[in-house]
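Below is one structure, written out as structure tokens; the observations come after it.
Chains as they are written, first to last, in this note's numbering: chain A, 13 to 125; chain B, -1 to 115.
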């Protein structure tokens, strides 16, 4: 596979559930990102990892817990979410400092019921 | 701080007509600017980018954008719209984060392009 792969594509979870989103990049990039895309709101940067070290956390609630075991894999662990957390979660990666732009995955559509 | 404003959340054109999607930016340093496209149920795909070289940037699918510093604009154009261009378009500005370890993208709210037959 090439590019950035996200699984699952769709996820429905209850507010008491625990689930994880997975992202894998096959581009040899060193940086990975989680974005949240909600209806009628700009894309929100959640977390940034560079060489598997977290370099940015944009005041994201602790019910979202990222994990980056290596430069190719990124996870977003979810627990006790709220209905307002329903959104499209996008993973991206970039090379170097990211000046060339990001490569995005197709996203996970999350619905919290 | 950097920011992006996309004028018009929805633009509708006829097939074959000119496409013009507007983007204005605010940046305290020379900006790096991007246009992305998002098709339904897909992630974002890079259309083109400005990184301080030529002010007229050509991208994929016949799109181009012109960087105008005096107007702080980076509008996206295509001479002749095609039905397959219907999608949401995002303008983004890149800025170095506070730690200096990454350039992070700040996106506009997006413009939904509809192409009528």
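A virtual CB, placed ideally from N, CA and C, is assigned to each residue, including glycine. Being a predicted model, the structure only gives us computed values, none of them experimental.
query, result
"Outcome for residue 63 of chain A when other beta-carbon atoms lying within 10 angstroms are tallied against a minimum of 16", "exposed"
"Amino acids of chain B, ordered along the chain, whose beta-carbon sits closer than 9 angstroms to that of residue 68 of chain A", "95, 96, 97, 99, 100, 102"
"Range of the contiguous beta strand (DSSP E) that encloses residue 59 of chain A", "56 to 62"
"Residue-level contact to chain B via CB, residue 101 of chain A, 8 angstroms cutoff", "no"
"Cβ pair residue 103 of chain A, residue 122 of chain A closer than 8 angstroms", "no"
"Contact set between residue 5 of chain A and chain B, taken where Cβ atoms lie within less than 8 angstroms", "Because chain A in this structure spans residues 13 to 125, residue 5 of chain A falls outside the shown range and cannot be described."
"Opposing strand residues paired with residue 67 of chain B [DSSP bridges]", "Note: residue 67 of chain B sits in no beta bridge, so no partner."
"Assigned secondary structure, residue 82 of chain B (DSSP; H/G/I helix, E/B strand, else coil)", "helix"
"Residue 72 of chain B and residue 48 of chain B closer than 8 angstroms at C-beta", "yes"
"Cβ-based burial, residue 66 of chain A [other Cβ within 10 Å; buried from 16]", "exposed"
"Proximity test, Cβ basis, 8 angstroms: residue 49 of chain B and chain A", "yes"
"Straight-line gap, residue 82 of chain A to residue 46 of chain A (C-alpha atoms, nearest Å)", "15 angstroms"
"Pairwise C-alpha distance: residue 25 of chain A and residue 12 of chain B", "41 angstroms"
"The stretch 91 to 105 of chain B in contact with the stretch 19 to 29 of chain B per 3-pair CB rule at 8 angstroms", "yes"
"Cross-chain neighbours of residue 62 of chain A in chain C, by beta carbon under 8 angstroms", "Among the protein chains of the structure shown, namely A and B, there is no chain C."
"Residue burial classification, residue 81 of chain B (beta-carbon count within 10 angstroms, cutoff 16)", "exposed"
"Residue -1 of chain B to residue 33 of chain B span [Cα, whole Å]", "19 angstroms"
"Closest by C-alpha distance to residue 55 of chain B, when choosing among B/38, B/74, B/42", "B/74"
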